[in-house]
Amino acid sequence: ALLQPIIGIRRIDAAVELATARRSEALVAYERTVQTAFREVHDALSANRAAREALAAEADRRNQLAQALDIARLRFDAGRTSFLEVLDVQRSLLAAETLRIAAARDAKLSIVAFAKALGGGWDPEVFAIAR
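Take 2 as the starting number for the sequence shown in this note's numbering and just add one per residue.
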């Protein structure tokens, strides 16, 4: 009968230790989740910045090739070059336009990734910074 309180105290101590261990484990899992969320948001913002920079570069390239096509057509009309040069510049322009469209798609997808990283909601004011 005298051992009953001692055994009871040991059980309580063991239960407290178990609860403390579970709390510590839950805290570590929570910290990992928060770190993952911050990393995903950072990665999404970085991807958006890179996609916007790529889009700007591809748009500039496309515009320069459009000007080059105009010049090639003028040169052809003046008899200074063959039509092959016009076709070559036109092919380059179409390739640049394809890359520009892909860059625009990537920029839009990066905004979706940003929304997902923030929990999946959509508030146009919040996502205006990603544009």
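Where a beta carbon is used, it is the ideal one built from N, C-alpha and C, also for glycine.
Identify, in the order they occur along the chain, each residue of the same chain with its Cβ nearer than 8 Å to the Cβ of residue i, setting aside the five sequence neighbours on each side.
i, result
"LEU56", "ARG101, ALA104, ALA105, ASP107, ALA108"
"ALA97", "GLU59, ARG62, ARG63, LEU66"
"ALA118", "ALA38, GLU41, VAL42, ASP44, ALA45"
For the candidate residues the options, whose alpha-carbon lies nearest to that of residue i?
i, options, result
"GLN68", "SER93, ALA38, ARG23, ARG11", "SER93"
"GLY120", "ARG74, LEU66, THR37", "THR37"
Tell me where the alpha helix (DSSP H) around residue i begins and ends.
i, result
"SER83", "First-last for SER83: undefined, no H or E at that position."
So, is the C-beta of residue i closer than 8 Å to a C-beta in chain C?
i, result
"LEU75", "Chain labels in this structure do not include chain C; a single protein chain is all it has."
Give me, in chain order, the residues of the same chain whose beta-carbon lies closer than 7 Å to that of residue i; leave out the 5 immediate sequence neighbours on both sides.
i, result
"GLN91", "LEU70"
"THR82", "ALA73, ARG76"
Excluding the 5 residues preceding and the 5 following residue i in the sequence, name in chain order all residues of the same chain whose CB lies nearer than 6 Å to its CB.
i, result
"ALA114", "ALA45"
"SER25", "none"
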